[in-house]
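Numbering (our numbering), first residue to last: 19 to 393. All remarks here apply to the structure that follows.
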């Protein structure tokens, strides 16, 4: 694969004890022709001859398929290239853009795998923890060595407090290229069921909480002193609740409020000291790290948009959210969809009664008409 490497593309072959696959990294500059690099990528994919591959790159391409608000010509070409080789996209647009600069944010860093690798449980995450305008993207995968049987028990998930919106979005993202076809033989049904079950298990592993795991991690600012103050607050509250009425109840209530005030003050102090220690440590380690990006406004909380639901999937932008709101609150008035009652009402509304020969209203009649509304 070395013959396909250049200044804008690198292709290497990796060998592990269980498998062999190719990793391709590409860069398509934003203001220069991209056709040559995309053609080289195309030739490299054909040269794989069925081998497994992972393709990563800064494509500088806009497409609604990976989170952009519109499709650019380059984005459409990259879509056709990926579809032509049956690639599986690893990006998760609902987790926010991959680029955040002074001119805005965008989804331009992409990751694909060949279909053989796409069946595994891939994890894709990003974090703006460096001084670069591009997010640090972390990709991991769980693979099983050939000839080894898994001895782990089947996973169990906590479905009571499950984020079902995120689960449905993950399933829909994995079902984009999946088409249910007509089954001609009974044995084909088993394979279809296995495929659908694999999709649901992969989505559940990425979005649902497994049973047996710790539900809450200890905060870095928590301490034994806060445990003591919290226990004192809870003890004072229970004593006040058992005191009943009278002067002792007022004393217990005052003691509970005082304990709660001390605990709240200690929590604020611990959080403030922890944040100062974190900033000092980060600045000593790297002066251009997270504190600098927060100060310069380069950390944009775009992931908040993903909390809004549009047609069963996380929203990809504020424009999409606004358009969806307008369509729901002010739906289009389609006469062809009227029921018989609505059609009759439409005729009455559009055809006002004839007022010829009717005299003007008097003030008394107007007062009587207004009084009817108040009833």
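Glycine included, every Cβ here is placed at the ideal spot set by N, Cα and C.
- request: Return helix, strand or coil for residue 28, following the three-state DSSP convention.
  value: To locate residue 28, count along the chain shown from 1; it is residue 10. Strand at residue 28.
- request: Just mark residue 77 as buried or exposed, buried being the case when its beta carbon has 16 or more other beta carbons within 10 Å.
  value: For this step, residue 77 is matched to residue 59 along the chain shown. The residue in question, residue 77, is buried, as its Cβ has 16 or more Cβ neighbours within 10 Å.
task: Kindly confirm or deny that the segment 63-75 and the segment 40-54 touch, where touching means at least three C-beta pairs closer than 8 angstroms.
output: yes
- prompt: Would the segment 144-157 and the segment 81-93 be scored as touching if the rule is three or more Cβ pairs under 8 angstroms?
  reply: no
field: Same chain, Cβ closer than 6 angstroms to residue 319, neighbours up to 5 away in sequence not counted
entry: For the purposes of this step, residue 319 is taken as residue 301 along the chain shown, with counting starting at 1. For residue 319, the predicted model reports a pLDDT of 49, less than 50, meaning its position is unreliable; a value from the coordinates is still stated below. Same-chain partners within the cutoff: there are none.
task: Evaluate residue 274 with the Cβ neighbour count: other Cβ atoms within 10 Å of its Cβ, from every protein chain shown; 16 or more gives buried, anything less gives exposed.
output: Counting from 1 along the chain shown, the entry for residue 274 is found at position 256. By the 10 Å Cβ count, residue 274 comes out buried.
task: Report the partner residues of residue 39 according to the DSSP bridge assignment.
output: Counting from 1 along the chain shown, the entry for residue 39 is found at position 21. Looking at the DSSP assignment, residue 39 forms a beta bridge with 32, 70.
message: Quick check: the Cα distance between residue 70 and residue 111, rounded to an integer number of angstroms?
response: For the purposes of this step, residue 70 is taken as the residue at position 52 of the chain shown. For the purposes of this step, residue 111 is taken as the residue at position 93 of the chain shown. Looking at the two C-alpha atoms, the distance is approximately 24 angstroms.
task: Less than 8 angstroms between the CB atoms is what I'm expecting for residue 214 and residue 157, so what's the real figure, rounded?
output: The residue you call residue 214 lines up with position 196 of the chain shown. The residue you call residue 157 lines up with position 139 of the chain shown. The pair is not a contact, with the Cβ atoms about 25 angstroms apart (cut-off 8 angstroms).
task: State the beta-bridge partners of residue 130 as determined by DSSP.
output: If you number the chain shown from 1, residue 130 lands on position 112. Residue 130 pairs with 73, 107.
- prompt: Okay, do the segment 96-108 and the segment 126-135 touch, 3+ Cβ pairs below 8 angstroms being the bar?
  reply: yes
query: Does the separation of the CB atoms of residue 328 and residue 338 fall below 8 angstroms?
result: Taking the chain shown and counting its residues from 1, one reaches residue 328 at position 310. Taking the chain shown and counting its residues from 1, one reaches residue 338 at position 320. Contact flag set, yes.
- prompt: Got a sec, what are the start and stop residues for the beta strand (DSSP E) residue 46 sits in?
  reply: For the purposes of this step, residue 46 is identified with residue 28 of the chain shown, where counting begins at 1. First-last for residue 46: undefined, no H or E at that position.
- prompt: Roughly how many angstroms separate the alpha carbons of residue 115 and residue 123, rounded to a whole number?
  reply: Within the chain shown, numbered from 1, the residue matching residue 115 stands at position 97. Within the chain shown, numbered from 1, the residue matching residue 123 stands at position 105. Looking at the two C-alpha atoms, the distance is approximately 6 angstroms.
message: Quick check on DSSP: helix, strand or coil for residue 154?
response: Taking the first residue of the chain shown as position 1, residue 154 is located at position 136. Three-state DSSP puts residue 154 in a strand.
query: If you follow the beta strand (DSSP E) that residue 142 is part of, which residue opens it and which one closes it?
result: Locating residue 142 in the chain shown gives position 124, where the first residue counts as 1. Run containing residue 142: 139-145, per the beta strand (DSSP E) assignment.
- prompt: How would you label residue 251, buried or exposed, when you count the other beta carbons within 10 angstroms and need 16 or more for buried?
  reply: Position 233 of the chain shown, counted from the first residue, corresponds to residue 251. Result: buried.
- request: Go ahead and label residue 27 buried or exposed: buried means 16 or more other beta carbons lie within 10 angstroms of its beta carbon, across all protein chains shown.
  value: Here the question's residue 27 lines up with position 9 in the chain shown. That one is buried.
- prompt: Can you tell me the Cα-Cα spacing of residue 57 and residue 136, whole angstroms?
  reply: On the chain shown, position 39 is the one that residue 57 refers to. On the chain shown, position 118 is the one that residue 136 refers to. C-alpha separation (whole angstroms): 23 angstroms.
field: Burial state of residue 336, where buried means 16 or more other Cβ atoms lie within 10 Å
entry: Residue numbering aside, residue 336 sits at position 318 when the chain shown is read from its first letter. So residue 336 counts as exposed.
- request: Determine the DSSP secondary structure at residue 119, reduced to helix, strand or coil.
  value: Stepping through the chain shown from its first residue, residue 119 is reached at position 101. Residue 119: strand per DSSP, three-state reduction.
- prompt: How long is the line joining the alpha carbons of residue 244 and residue 296, rounded to whole angstroms?
  reply: The residue you call residue 244 lines up with position 226 of the chain shown. The residue you call residue 296 lines up with position 278 of the chain shown. Near 19 angstroms, if we compare the C-alpha coordinates of residue 296 and residue 244.
- prompt: Along the chain, where does the alpha helix (DSSP H) that runs through residue 61 open and close?
  reply: The sequence position of residue 61 within the chain shown is 43, counting from 1. Unbroken alpha helix (DSSP H) run through residue 61: 53-65.
- request: Specify the secondary structure class of residue 265 as computed by DSSP and reduced to three states.
  value: By 1-based counting over the chain shown, the position of residue 265 is 247. In this structure, residue 265 counts as helix in the three-state DSSP scheme.
message: Looking at the secondary structure, which residues open and close the alpha helix (DSSP H) in which residue 343 lies?
response: Working through the chain shown from its first residue, we reach residue 343 at position 325. Segment 336-347, the alpha helix (DSSP H) holding residue 343.
query: Going by other Cβ atoms of all chains shown within 10 Å of its Cβ, with 16 needed for buried, is residue 96 buried or exposed?
result: Taking the chain shown and counting its residues from 1, the one referred to as residue 96 is at position 78. Buried: at least 16 other Cβ atoms inside 10 Å.
field: Counterpart residues of residue 160 in DSSP-defined beta bridges
entry: In the chain shown, residue 160 corresponds to position 142, counting from 1. Bridge partners of residue 160: 139.
task: Pull up the CB-CB distance for residue 217 and residue 192, whole angstroms please, since I reckon it's below 8 angstroms.
output: In the chain shown, residue 217 corresponds to position 199, counting from 1. In the chain shown, residue 192 corresponds to position 174, counting from 1. Confirmed, about 5 angstroms.
message: Could you compute how far the alpha carbon of residue 38 sits from the alpha carbon of residue 141?
response: Sequence index remark: in the chain shown, residue 38 carries index 20 (1-based). Sequence index remark: in the chain shown, residue 141 carries index 123 (1-based). Their backbone Cα atoms lie some 20 angstroms apart in a straight line.
task: Using the Cα positions of residue 184 and residue 266, report the straight-line distance between them to the nearest angstrom.
output: Residue 184 sits at position 166 when you count from the first residue of the chain shown. Residue 266 sits at position 248 when you count from the first residue of the chain shown. Spanning the two alpha carbons is a distance of roughly 51 angstroms.
- prompt: Where does residue 343 land, buried or exposed, given buried means 16+ other C-beta within 10 angstroms?
  reply: Locating residue 343 in the chain shown gives position 325, where the first residue counts as 1. Residue 343 is exposed by the Cβ-count criterion.
- prompt: Who are the Cβ neighbours of residue 258 in its own chain at under 6 angstroms, not counting the five residues just before and after it?
  reply: The residue labelled residue 258 in the question sits at position 240 within the chain shown. 270, 271, 274.
- request: Would you kindly check if the distance between the Cβ of residue 175 and the Cβ of residue 226 is under 8 angstroms?
  value: On the chain shown, position 208 is the one that residue 226 refers to. On the chain shown, position 157 is the one that residue 175 refers to. Yes. Within cutoff.
Exposure of residue 92, with buried meaning 16 or more beta-carbon neighbours within 10 Å: Position 74 of the chain shown, counting from 1, holds the residue named residue 92. Buried, because 16 or more other Cβ atoms sit within 10 Å of the Cβ of residue 92.
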